[in-house]
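Trainee:
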Amino acid sequence: MNASAALDQQIERYRQMTGEERLSIALGLHEMSCDIAREGIRHGHPGADPAEVERLLRRRLELARAG
Numbered sequence: 003m004n005a006s007a008a009l010d011q012q013i014e015r016y017r018q019m020t021g022e023e024r025l026s027i028a029l030g031l032h033e034m035s036c037d038i039a040r041e042g043i044r045h046g047h048p049g050a051d052p053a054e055v056e057r058l059l060r061r062r063l064e065l066a067r068a069g
């Protein structure tokens with residue numbers, strides 16, 4: 003299967019899902035990307051406590067929305 007056919011198949015699967023199922027996937031992907039960002043923040047700020055990591059994550063998200 004080539005990339006175009008795989009994309010068409012994935013789109014069809016999404017169309018067959020309920021809105022709740024699609025929302026669940028989106029929220030899971032969002033949480034996964036936040037977890038990855040947190041790890042990056044911890045790597046860049048090894049002394050940051052959990053509250054500071056969350057503050058820096060929120061800042062990144064705000065900048066992304068503004069951009």
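All letters in the sequence shown, in the order written, are residues 3 to 69 by my numbering. Each residue gets a CB set at the ideal place from its N, CA and C atoms; glycine is no exception.
Whole angstroms is fine: what's the gap from M19's alpha carbon to C36's?
Mentor: The residue labelled residue 19 in the question sits at position 17 within the sequence shown. The residue labelled residue 36 in the question sits at position 34 within the sequence shown. Going from the Cα of M19 to the Cα of C36 covers about 25 Å.
Trainee: Can you tell me where the alpha helix (DSSP H) with H45 in it begins and where it stops?
Mentor: Counting from 1 along the sequence shown, the entry for residue 45 is found at position 43. Here the alpha helix (DSSP H) through H45 covers 21-46.
Trainee: Please list the terminal residues of the continuous alpha helix (DSSP H) segment that includes D10.
Mentor: Numbered from 1 along the sequence shown, position 8 holds the residue referred to as residue 10. Here the alpha helix (DSSP H) through D10 covers 5-18.
Trainee: In this structure, how does DSSP classify A50 when only helix, strand and coil are distinguished?
Mentor: Position 48 of the sequence shown, counted from the first residue, corresponds to residue 50. Reduced to three states, the DSSP call for A50 is coil.
Trainee: Buried or exposed, going by whether 16 or more other CB atoms sit within 10 Å of the CB of I43?
Mentor: On the sequence shown, position 41 is the one that residue 43 refers to. So I43 counts as buried.
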